[in-house]
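Below: the structure, in C-alpha cells.
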Amino acid sequence: MAEPIVEIRNLSKAYRRGDQVVPVLTDINLEVAPGDFVALMGPSGSGKSTLLNLIAGIDKPSGGTLRVGGKDIAALSERELADWRAHNVGFIFQFYNLLPVLTAFENVELPLLLTGLPGRQRKEHVAAALGMVGLTDRMTHYPSELSGGQQQRVAIARAVISDPTILVADEPTGDLDRVSAAEVLRLMGQLNTELGKTIIMVTHDQRAARAAHRLVHLDKGVLMDGDGAEAVAGEGVKGEG
C-alpha cells in the first residue's frame, strides 16, 4: 500500500484573541492517499478552511504533526514553507485570485517565473495548460474580459502549471453558475483521474461533493470518524436534487 501523501496526527489549531485562546481544530487525525479526491464538508465555522490552509502550508498548527509528501511541514521556517508551497501546492480559490493587469497567459505563467525555466519552455507549458482547460483562444484576454467560469479555468491552469504534489481548492464553485460549476468540476475530475492529481476541496455545494471520491465531515473543529463522515456527507448528497 502506498504511503499517504497527507498524514495528520493529533493536530490542533487555536488562535489568540487578547487573553483568550479560541480553539478551531481539536485532535485531528487524517490520511489522504496519493491520487485521492477528498471533499471537506461541514457547517460554517467548523474549521474546514483552517484545515485546508494548514495542509497547504499557509498556516501552522498549534500542536500535533502534519506531513505532506513525507515532509514535516509544521517544522519548516516561513522561508522554507514559502519555497515548499511554490513547488508542492496548487491553489484554486473561490474568487480566482487572478491579477487584473495580466493576461490569462501571464497569470498562468506566474508560478513558473520562480522556477528558472527558460522562456521558450515556459511558453510551451502555459500553452499546454490553457489548452487543457479549453482556453487557447483566450490566452491574450484579461480577467475582466473573461466570464467567471473562464477565470476559474485560468486559475486551474495556473494551479497545475508547476506539477504540484497536491491541489487545494477552497469553494472552487462557490461563485459560479450551475453550468460553469459543472465544467470546473469536470476539469478537476479529469486532473484527478487522468493526471493522478491529489485534490483536497472545501465545499458547501452538494453537487461539488459528488465529484469527490471521499467525504470528510468537520463539526465544531472535530473530525468525524470515517464511517460517520461518509454517512453524514452521503445523506446530504442524496438529499440534494
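According to our numbering, the sequence shown is numbered sequentially starting from 87. Just so it is clear, CB atoms sit at the ideal spot from N, CA and C, and this is done for glycine as well.
Rounded to whole angstroms, what is the Cα-Cα separation between residue i and residue j?
i: Val219; j: Gln237; result: 11 Å
i: Glu93; j: Leu152; result: 6 Å
i: Leu273; j: Arg239; result: 8 Å
i: Ala295; j: Leu301; result: 7 Å
i: Met225; j: Ile242; result: 14 Å
i: Ile114; j: Ser130; result: 18 Å
i: Leu137; j: Arg208; result: 32 Å
i: Leu253; j: Gln106; result: 34 Å
i: Thr189; j: Thr201; result: 20 Å
i: Ile91; j: Gly121; result: 9 Å
i: Ala298; j: Ala268; result: 13 Å
i: Glu280; j: Leu126; result: 22 Å
i: Leu203; j: Lys283; result: 22 Å
i: Leu277; j: Ile141; result: 19 Å
i: Asp223; j: Glu210; result: 15 Å
i: Arg293; j: Pro258; result: 12 Å
i: Phe123; j: Ile178; result: 14 Å
i: Lys328; j: Arg206; result: Nothing about residue 328 can be read from this structure; the chain reaches only from 87 to 327.
i: Arg264; j: Val270; result: 10 Å
i: His290; j: Met310; result: 17 Å
i: Ala88; j: Arg103; result: 41 Å
By DSSP's criteria, residue i is part of a beta bridge. Which residues make up the other side?
i: Ala100; result: Pro109
i: Met287; result: Ala125 and Ala255
i: Thr94; result: According to the sequence provided, residue 94 is Ile. The question's Thr does not apply to it. DSSP output for Ile94 lists Leu116 and Leu152 as bridge partner(s).
What did DSSP end up calling residue i once you bin it into helix, strand or coil?
i: Leu304; result: strand
i: Lys209; result: helix
i: Glu316; result: In this predicted model, Glu316 has a pLDDT of only 42, less than 50, meaning its place in the structure is not dependable enough to derive any value.
i: Ile247; result: coil
i: Lys157; result: strand
i: Glu231; result: helix
i: Leu116; result: strand
i: Leu262; result: coil
i: Leu309; result: strand
i: Glu89; result: coil
i: Gly162; result: It is worth fixing the name first, because residue 162 is Leu in this sequence and not Gly. Leu162 falls in the coil class under three-state DSSP.
i: Gly275; result: helix
i: Ala294; result: helix
i: Ala142; result: coil
i: Ser130; result: coil
Would residue i pass as an interface residue toward chain D - the criterion being a Cβ-Cβ separation below 7 Å?
i: Lys306; result: Given the protein chain composition of this structure (a single chain), no chain D is represented.
Leaving out the 5 sequence neighbours to the left and right, which residues in its chain are closer than 6 Å to residue i when beta-carbon positions are compared?
i: Asp145; result: Asn139
i: Gly260; result: Gln180
i: Gly128; result: Lys134, His303, Leu304 and Asp305
i: Pro250; result: Asn174, Val175 and Gly176
i: Leu262; result: Gly234 and Gly235
Between residue i and the rest of its own chain, which residues show a CB-CB distance below 7 Å, the 5 nearest in sequence each way excluded?
i: Gly133; result: Val110, Leu111, Leu304 and Gly307
i: Gly312; result: Only weak support exists for where Gly312 lies, its pLDDT of 46 falling under 50; the value from the coordinates is given anyway. Around Gly312: no qualifying Cβ.
i: Gly143; result: Ile159, Leu167, Trp170, Arg171 and Val175
i: Tyr101; result: Val108 and Val110
Looking only at its chain, what residues have a beta carbon closer than 8 Å to the beta carbon of residue i, apart from the 5 residues adjacent to it on each side?
i: Asn96; result: Asp113, Ile114, Asn115, Gly149, Gly150 and Thr151
i: Pro186; result: Tyr228, Pro229 and Ser230
i: Val212; result: Phe191, Val194, Glu195, Leu198, Met225, Ala243 and Ile247
i: Ala215; result: Val194, Ala243, Arg244, Val246 and Ile247
i: Leu162; result: Gly143 and Trp170
Worksheet item: For the segment 164-229, which segments carrying the beta strand (DSSP E) assignment without a break, of at least 3 residues, lie completely within its bounds, in sequence order?
Response: Counting only runs of at least 3 residues, the segment 164-229 fully encloses the following beta strand (DSSP E) elements, listed from N- to C-terminal order: 175-179.
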